[in-house]
Amino acid sequence: MAPQRRRARYRLTLIAAGITVAAVLAAGPAPTPVTSAPAPPAPTASPSAAGAPTASAPATLPGAASPQPTKGAAGLAPFGAFLDSGPLGVARMSGLRRWLGGTEPKVAHTYLPGGSWTDIEAPPGFLDAWAAWRRAQADRTLVLNVPMQERNEENVSDEEVRELLRQGAAGEFDQHFRTLAERLVESKVPDTVLVLGWEMNGITYTHRCGPDPAAWKTYWKRIVRTMRSVPGQRFRFDFTPSRGRDAVPWTECYPGDDTVDIIGMDAYDQPAGLSFDEQVKEPYGLRQHVDFAKAHHKPVSYPEWGLFRNGDDTAYMRGMLAWIEEHKPLYNTLTDYCPHGVWQCAQNPRSSQVYRSFLYGRGEQPAAPAPTASTPAPQPTKATAPAPEPAGDCPAPDPHDWLEYWLGRKFCLDW
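What follows is the structure, encoded as C-alpha cells:
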C-alpha cells in the first residue's frame, strides 16, 4: 500500500494574498523563488510511516553553473509545477522559466480549498491571476484540483463519508458545481483541466471512494454532467488516483469512459526503499496506469509527482523524466516545495541538477536567418540568462478587483 499524503489545510485570505503579491512585485523580478506567506499544501505520513514531513519555506538553490541545453526539444511533453496555491504561484512562473534557461512551463496548477462549499465554488477573485495567465497564450493549460466535498481534510468518518457520497449521487450538491462551472466560463477559461476528487483511492480526503465505490462513481458522473451542462464550457475531467493500491484498488473507482477525459496519477517517490522500477511494476503502479489508459483510449497525465521518502533520489528523478519522455502525457506538474521539489527546495541539489539539465534550454527557438554575401554569419556566443524586463506602465486599478484593490495598482506580471 502506498503511504498516504495529507495536504496542510489552507484558506486563501484575500488581504494576506494581496499583501504577499504586493511585496513580490515591489521587490521586482528575481531569478530565485521568494518566501510565500500562505503555506502550500504539504503531504504528511500515512499511519504506516513514521514522521510526517513538513513544508519548508522556499530556499535559494546552490549556485551551480547553467547546464548545456538538451538536444531534442521537439516533442517535449507540456510541463509545469505547483509553485503556490494563490497569485504568488503565477508570479513565480517566470522565475522557473529563467532557471530552466528559457524553457517555458506551459502548464499552471493550483487547488481549490476544500474547507467549505464557498471555497469549492471558487470565490470571486480566487482564479483571476490564474485565468489571466492562461488567456495570455493560446497554448497554455490551466489545471485545477476540485474537491468533491467540503471539510475535505477533516478526518470525517467512513460512515459519514458514505452518507455524503449518497447525498451527492442523489444530486444534493449539484448547484455548487454548476456555480464553479459558470465562474470558470465567466473568467474565460472554459477549457480548464479539472482534477476532480483526486487520490480517491486513499484514506485522506472526505471525497474518498472506499466507503461506497458505487455511490462515488454515480456522484462523479453527476458532477461532470452538471458542469458540462453550462453553456460555453469545454472542460476536461482528469481521474487521478495515487500510485499503487492504497486503501482500495483505483480501478474500482473508475466512473466510466463517458465522463472521463484524462486518466492521471499522482506518483511520488515512496515508500522508503521502493525503487523506481518497482514503482513501475507494482500492482496499480505506473505500468498498469498507462496500460489501463490505453485500453480505455484516454491520454495520461501526472498532476503531482516529486521526491519524497527516499531523499535526494537521482535514480527516481531520472526514471520519472524518462518515463514522461517515453509516454508523452497530456501534461505533468512537479510539486515544487520541500521535500518534493527541485527549484524552491534546497535539500535536493543532485535531483535538482538532473531536472534542470533535462529541461534547460528546450524552449522554442526562432530559426536563425541564413547568412548572405553581404552579411557575415553570426558567431556563437555563450548563453546567458535573460535580463529582467522592466515593468511597464499599468492602468489604474479596478475597484471591483480584490487583488488590484489591495495592491493599489494593476497586477502586472512578467508573463
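Under my numbering, the first residue of the sequence shown carries the number 14, and numbering increases by one thereafter. Cβ atoms here follow ideal geometry from the backbone N, Cα and C, with glycine treated the same way.
Query	Result
Exposure label - A285; buried when at least 16 CB within 10 Å	exposed
Coil, strand or helix - W134 by DSSP	Per the sequence presented here, residue 134 reads as Glu, with Trp not at that position. Reduced to three states, the DSSP call for E134 is coil.
Identity of the residues DSSP links to D279 by a beta bridge	S255
R147 burial status per 10 Å Cβ neighbour count (16 or more: buried)	buried
Environment of D279 [buried if 16+ CB atoms lie within 10 Å]	buried
Opening and closing residue of the beta strand (DSSP E) in which S314 lies	V313 to G319
Spatial distance of P244 from P203 (CA atoms)	10 Å
Beta-carbon contacts of A306 that lie in its chain and below 8 Å, excluding the five residues immediately before and after	I276, P312 and V313
Continuous alpha helix (DSSP H) stretch holding H189: start and end	D187 to E199
Between the CA atoms of V156 and F250 - distance to the nearest angstrom	10 Å
Y329 - containing alpha helix (DSSP H), residue span	T327 to H340
For T239, the first and last residue of its enclosing alpha helix (DSSP H)	P226 to R241
Of the listed residues E176, E199 and S107, nearest to P224 (C-alpha basis)	E176
Coil, strand or helix - T116 by DSSP	coil
Beta-carbon separation (whole angstroms), G184 vs T346, contact threshold 8 Å	Not quite, the Cβ-Cβ distance comes to about 32 Å (not below 8 Å), so this is no contact.
Validate contact between the region 115 to 131 and the region 157 to 169 using beta carbons, cut 8 Å, 3 pairs	yes
Buried versus exposed call for D349 [16 or more other C-beta atoms within 10 Å across all chains shown]	buried
Residues that DSSP places opposite N345 in a beta bridge	F92 and Y315
Validate contact between the region 250 to 259 and the region 209 to 217 using beta carbons, cut 8 Å, 3 pairs	yes
C-alpha distance - A194 paired with D141, whole-angstrom precision	15 Å
Beta carbon of Y218 nearer than 8 Å to that of E166	yes
Residue burial classification, N361 (beta-carbon count within 10 angstroms, cutoff 16)	buried
For A285, three-class secondary structure by DSSP	coil
According to DSSP, residues forming a beta bridge with T123	L157
Spatial neighbours of D270 in its chain, beta-carbon cut-off 6 Å, leaving aside the 5 residues before and after	H309
According to DSSP, residues forming a beta bridge with V303	DSSP output for V303 lists no bridge partner at all.
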